[in-house]
Amino acid sequence: MANVGIFFGSDTGKTRKIAKLIHKKLGDAADAPVNINRTSLEAFLSYPVLMLGTPTLGDGQLPGIESGCESESWLEFLDSLQGVDLSGKHIALFGLGDQVAYPDNFVSALKPLYDVLCACGAKLIGDWPNEGYSFNHSAALIGEKFVGLVLDQDNQYDLSEERLDSWLEQITPLFA
Ligand SMILES: Cc1cc2nc3c(=O)[nH]c(=O)nc-3n(C[C@H](O)[C@H](O)[C@H](O)COP(=O)(O)O)c2cc1C
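Numbering-wise (the UniProt record's numbering), the sequence shown opens with residue 1 and increments by one.
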């Protein structure tokens, strides 16, 4: 088993694609990405380092039945994390959103994910500057920084790989 587990939720496949790209770039350090609705709590907890990806759906919500997905996803998995001890784990988040169609809730779903993981004692790494995006509001900001990498595959597709490379450069020394 590798050191890094990559888990994602996805409605239309864009977050899955980014998860696969992260895996490709990390090589043997990471296991192949797994949809969060296809894992167990035990498998999730077996990694010391986690990279967790999500789109924002609904009105700033995590994916799941309540936000209109056909399958369960983060909303349901987070219920199973209540009361779980994640201290000692390094967790980096990556979030996909659409700043043009949803400028009032851009990538907001990262925040409830962040909050649950922090409440479980995890060490969150990989915050990301908000420069280069145009939006009105995001719940995923703490001060001037997003709580994780932010990618907009709908409007800034061409910037994503460069952003991803820079983010991985920032975080890999923190857990290597
Ligand atoms: C019904 C619906 C609601 C959405 N709501 C938001 C939103 O509130 N904020 C946002 O930033 N993006 C929103 N998006 C855009 C998605 O997050 C974006 O297209 C993302 O790349 C989808 O990733 P996926 O293919 O992994 O599901 C929404 C998209 C859909 C279809």
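Think of the CB as a built atom: it goes at the ideal place given N, C-alpha and C, for glycine as much as any other residue.
Length of the line joining the Cα atoms of residue i and residue j
| i | j | result |
| --- | --- | --- |
| ILE142 | ASP28 | 32 Å |
| TYR102 | PHE135 | 8 Å |
| ALA176 | LEU26 | 11 Å |
| GLN82 | CYS120 | 8 Å |
| ASN105 | GLY60 | 5 Å |
| PHE8 | THR15 | 7 Å |
| PRO33 | ILE6 | 5 Å |
| CYS118 | ASP98 | 25 Å |
| ASP11 | GLU70 | 8 Å |
| LEU174 | GLU144 | 21 Å |
| GLU66 | GLY58 | 8 Å |
N-terminal and C-terminal residue of the beta strand (DSSP E) that residue i is part of
| i | result |
| --- | --- |
| LYS123 | 123-125 |
| THR54 | 49-55 |
| LEU86 | That residue, LEU86, is in no beta strand (DSSP E); it is neither H nor E in DSSP. |
| VAL147 | Per DSSP, VAL147 belongs to no beta strand (DSSP E) and is neither H nor E. |
Residue range of the unbroken alpha helix (DSSP H) whose run includes residue i
| i | result |
| --- | --- |
| THR15 | 14-26 |
| VAL116 | 110-119 |
| PHE94 | Unbroken run through PHE94 is the beta strand (DSSP E), 90-96; no alpha helix (DSSP H). |
| LEU62 | Looking at the DSSP string, LEU62 is not in any alpha helix (DSSP H), and its letter there is neither H nor E. |
| PHE44 | 41-45 |
| LEU174 | 160-175 |
| LEU75 | 74-80 |
Proximity to residue i [Cα-Cα], best of the options
| i | options | result |
| --- | --- | --- |
| ASP85 | ALA32, LEU45, ASP31, VAL147 | LEU45 |
| GLY13 | LEU124, PRO63, GLY83, GLU131 | PRO63 |
| ALA19 | GLU144, ASN155, ASP165, PRO173 | ASP165 |
| ASP154 | THR56, GLU144, ILE22 | THR56 |
| GLU72 | SER87, GLY88, THR54, LYS89 | THR54 |
| LEU50 | GLU162, ILE125, GLN156 | ILE125 |
| LEU41 | PHE77, PRO48, ALA30, GLU161 | PHE77 |
| ARG163 | ILE36, GLU66, LEU96, SER80 | LEU96 |
| TRP167 | ALA109, ASN37, ILE22 | ILE22 |
Simplified DSSP state of residue i, which is helix, strand or coil
| i | result |
| --- | --- |
| ASN136 | coil |
| ASN35 | strand |
| PHE106 | coil |
| ALA101 | coil |
_Three CB pairs or more closer than 8 Å across the stretch 108-128 and the stretch 145-152_ = yes
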